[in-house]
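Undergrad:
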Amino acid sequence: MKVLVTGAAGFIGMHVAKLLLERGDTVVGVDNLNYYYDPRLKLARLGQLKSFANFRFVQADIADSVAMEELFAAERFNRVVNLAAQAGVRYSLKNPNAYIQTNLVGFGNILEGCRHNNVDHLVYASSSSVYGANTHMPFSVHDNVDHPVSLYAASKKANELMAHSYSHLYGLPTTGLRYFTVYGPWGRPDMSPWLFTSAILEGRAIDVFNHGKMQRDFTYIDDIAEGTVRALDKIATPNPDFCTDAPDPSSSYAPYRVYNIGNHTPVELMTFIKTIEEVVGQEAKKNFLPMQNGDVVATYADVEALKRDVGFEPKTDLAEGIANWVAWYRSYAGR
Numbered sequence: 169m170k171v172l173v174t175g176a177a178g179f180i181g182m183h184v185a186k187l188l189l190e191r192g193d194t195v196v197g198v199d200n201l202n203y204y205y206d207p208r209l210k211l212a213r214l215g216q217l218k219s220f221a222n223f224r225f226v227q228a229d230i231a232d233s234v235a236m237e238e239l240f241a242a243e244r245f246n247r248v249v250n251l252a253a254q255a256g257v258r259y260s261l262k263n264p265n266a267y268i269q270t271n272l273v274g275f276g277n278i279l280e281g282c283r284h285n286n287v288d289h290l291v292y293a294s295s296s297s298v299y300g301a302n303t304h305m306p307f308s309v310h311d312n313v314d315h316p317v318s319l320y321a322a323s324k325k326a327n328e329l330m331a332h333s334y335s336h337l338y339g340l341p342t343t344g345l346r347y348f349t350v351y352g353p354w355g356r357p358d359m360s361p362w363l364f365t366s367a368i369l370e371g372r373a374i375d376v377f378n379h380g381k382m383q384r385d386f387t388y389i390d391d392i393a394e395g396t397v398r399a400l401d402k403i404a405t406p407n408p409d410f411c412t413d414a415p416d417p418s419s420s421y422a423p424y425r426v427y428n429i430g431n432h433t434p435v436e437l438m439t440f441i442k443t444i445e446e447v448v449g450q451e452a453k454k455n456f457l458p459m460q461n462g463d464v465v466a467t468y469a470d471v472e473a474l475k476r477d478v479g480f481e482p483k484t485d486l487a488e489g490i491a492n493w494v495a496w497y498r499s500y501a502g503r
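Last residue of the sequence shown: number 503 in the numbering used here, and the count goes up by one each step with no gaps.
1. To the nearest angstrom, how far is the alpha carbon of aspartate 390 from that of proline 417?
2. Give the straight-line distance between the Cα atoms of leucine 217 and phenylalanine 225, rounded to the nearest whole angstrom.
3. Using the C-alpha atoms, what's the distance from glycine 380 back to leucine 457?
4. DSSP three-state label for lysine 483, please.
5. Measuring alpha carbon to alpha carbon, tell me which residue in Trp354, Ala253, Thr439 and Tyr292 is nearest proline 271.
6. Only counting the same chain, and skipping five residues up and downstream in sequence, which positions put a Cβ closer than 7 Å to that of leucine 400?
7. Cα separation between valine 227 and alanine 422?
8. Going residue by residue through the region 389 to 476, where are the continuous beta strand (DSSP E) segments of at least 3 residues, counting only ones entirely within it?
9. Apart from the five residues on each side of it in sequence, which residues of its chain come closer than 8 Å, Cβ to Cβ, to alanine 373?
10. Between the C-alpha atoms of arginine 476 and asparagine 431, what's the straight-line distance to the nearest angstrom?
11. Among Asp409, Ala393, Gly281 and Phe410, whose alpha-carbon lies nearest the alpha-carbon of alanine 331?
12. From the DSSP output, in three-state form, read off histidine 310 for me.
13. With respect to the alpha helix (DSSP H) encompassing phenylalanine 377, which residues constitute its N-terminal and C-terminal limits?
14. Pull up the CB-CB distance for isoleucine 278 and threonine 443, whole angstroms please, since I reckon it's below 8 Å.
15. Would you be able to state if there are at least three C-beta pairs under 8 Å between the region 354 to 370 and the region 197 to 210?
16. Between which two residues does the beta strand (DSSP E) containing asparagine 191 stretch?
17. Ordered along the chain, which non-local residues of its own chain (more than five positions away) have a Cβ less than 7 Å from that of asparagine 461?
18. Can you tell me whether DSSP reads lysine 218 as helix, strand or coil?
19. When the distance is taken between beta carbons, is leucine 345 closer than 8 Å to serine 294?
20. Is it buried or exposed, alanine 501, if we count other Cβ atoms within 10 angstroms and call 16 or more buried?
21. Run the CB neighbour count on serine 219, radius 10 Å, all protein chains shown included, and call it buried at 16 or more, exposed below.
22. Can you give me the start and stop residues for the beta strand (DSSP E) that phenylalanine 225 sits inside?
23. By a C-beta neighbour count over all protein chains shown, 10 Å radius and 16 as the cutoff for buried, is serine 499 buried or exposed?
24. From leucine 337 to leucine 369, what does the alpha carbon distance come to, in whole angstroms?
25. Ends of the alpha helix (DSSP H) at threonine 365?
26. With distances taken between CB atoms, is the gap from histidine 183 to alanine 491 smaller than 8 Å?
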């Protein structure tokens, strides 16, 4: 197949593209290489992909409608994985326009490209953040998610709604994946594993929000990449049992699906920090702080639907994943 992977220089994008390349697909990677964090890391990720003869990189912004229209028309992709997004809950409080441009305008351009060029299947990144103020655990794709607590979360919920409209109007098969706290080699500098590990090694204090009373469903990147590719291979279909009197948010009468993709094992934040300390061999200095606006206390993924439909089964436990992460970080950062 020929597959478009947007956000190919990103954390998840690189791993998904590499998995597709390794199995023989042709991949066109798109990324705008913006300055949300150091572009040198993005270029280093691209270096992992450019060694494949079946990979081509295009530097472009998905919010550029002309560039996207030309790309889709020229390449005639079989399938699309949209992982380009303005990420980060906290940054959405500072720069909301970045989320509107990339996550809404950009996603609209991707949908239009798929619609007009007979794409077989669009898989796109949603987020566990859509669960917002929900406190019922584990988070289920059958739950209502109408109460986001950040613009980032709202933009991801909007992506799911936009995708459904295209599945309904044009018969475009779409699958949304709600990623739960992804970590591992090549991770982002704004995420907790990088922030914690770099601070510990440099003797700086780490910020621990809500005084450490938080849980996250940390999910290792290799599991995420495998689940994403499996979802891409399972083209979304209508739910024959869908009831419009009691609609299930995770499916539709249209070819539309939404899944959680997580480890199904929430971890206490202090346990996560302790695991990093043990691997690094050094205790962290800690600044205990109150909860931040836009954040949530806990995430916990119910992944039964994805397991049933695509055979996804997270395999990497926290100790193994953190050991792999720290080894990569030490090598990359020279520490």
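Think of the CB as a built atom: it goes at the ideal place given N, C-alpha and C, for glycine as much as any other residue.
TA: Quick look at the numbers:
1. 27 Å
2. 9 Å
3. 8 Å
4. coil
5. According to the sequence provided, residue 271 is asparagine. The question's proline does not apply to it. The shortest C-alpha separation from asparagine 271 is found at Ala253.
6. Arg247, Val249, His289 and Val291
7. First, the amino acid is wrong: residue 227 is glutamine here, not valine. The alpha-carbon atoms of glutamine 227 and alanine 422 are separated by roughly 33 Å.
8. 424 to 429 and 453 to 457
9. Ala367, Ala452, Lys453, Lys454 and Asn455
10. 15 Å
11. Gly281
12. coil
13. Premise fails: phenylalanine 377 lies in the beta strand (DSSP E), 373 to 377, not in any alpha helix (DSSP H).
14. Contact doesn't hold; Cβ gap of about 37 Å is too wide.
15. yes
16. The identity of residue 191 in the sequence shown is arginine, whereas the question assumes asparagine. First-last for arginine 191: undefined, no H or E at that position.
17. Leu261
18. coil
19. yes
20. exposed
21. exposed
22. 223 to 227
23. exposed
24. 53 Å
25. 360 to 370
26. no
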